[in-house]
């Protein structure tokens with residue numbers, strides 16, 4: 002094999018190796034970006050915390066006072082029931 006032909010083959014081989022390296026680097030960058038995008042944080046709540054509005058003492062007290070003793074509810078909350086409902090609606 003003559004030296005010119007050999008040098009041309011070596012250069013082609015080196016170019017091919019460089020292209021493979023560039024493709025590998027591009028794939029690595031893409032993989033890192035996708036991994037970051039997939040990492041959507043899930044918001045979770047323990048089951049007993051989900052049941053708190055139905056089973057919690059404060060919430061049960063508020064329901065009982067509102068239904069059974071409106072005067073005690075007004076005394077406890079320091080506002081009439083209709084104003085509390087309007088305030089909650091504004092939130």
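Residue numbers (our numbering): 2 to 92. Idealized CB from N, CA, C, for every residue including glycine. Fair warning: this is a prediction, and the values are worked out from it, not measured in the lab.
Pairwise C-alpha distance: residue j and residue i
i	j	result
residue 87	residue 43	33 Å
residue 62	residue 46	23 Å
residue 69	residue 75	12 Å
residue 65	residue 85	15 Å
residue 79	residue 89	15 Å
residue 77	residue 92	20 Å
residue 39	residue 33	10 Å
residue 36	residue 67	51 Å
Run of the alpha helix (DSSP H) containing residue i, from where it starts to where it stops
i	result
residue 81	No alpha helix (DSSP H) contains residue 81, which DSSP labels as neither H nor E.
residue 52	Per DSSP, residue 52 belongs to no alpha helix (DSSP H) and is neither H nor E.
residue 70	Note, residue 70: premise wrong, no alpha helix (DSSP H); not H, not E.
residue 28	4-39
Coil, strand or helix - residue i by DSSP
i	result
residue 60	helix
residue 44	coil
residue 91	helix
Beta-carbon separation (whole angstroms), residue i vs residue j, contact threshold 8 Å
i	j	result
residue 71	residue 82	6 Å
heavy atom of the ligand GTP below 7 Å from residue i C-beta
i	result
residue 68	Absence of the ligand GTP from the depicted structure is noted, as is the absence of any ligand whatsoever, leaving it without description.
Cut-off 6 Å between Cβ atoms - residues of its own chain near residue i, not counting five sequence neighbours on either side
i	result
residue 98	Given a span of 2 to 92 for the chain in the structure shown, any question on residue 98 remains unanswerable.
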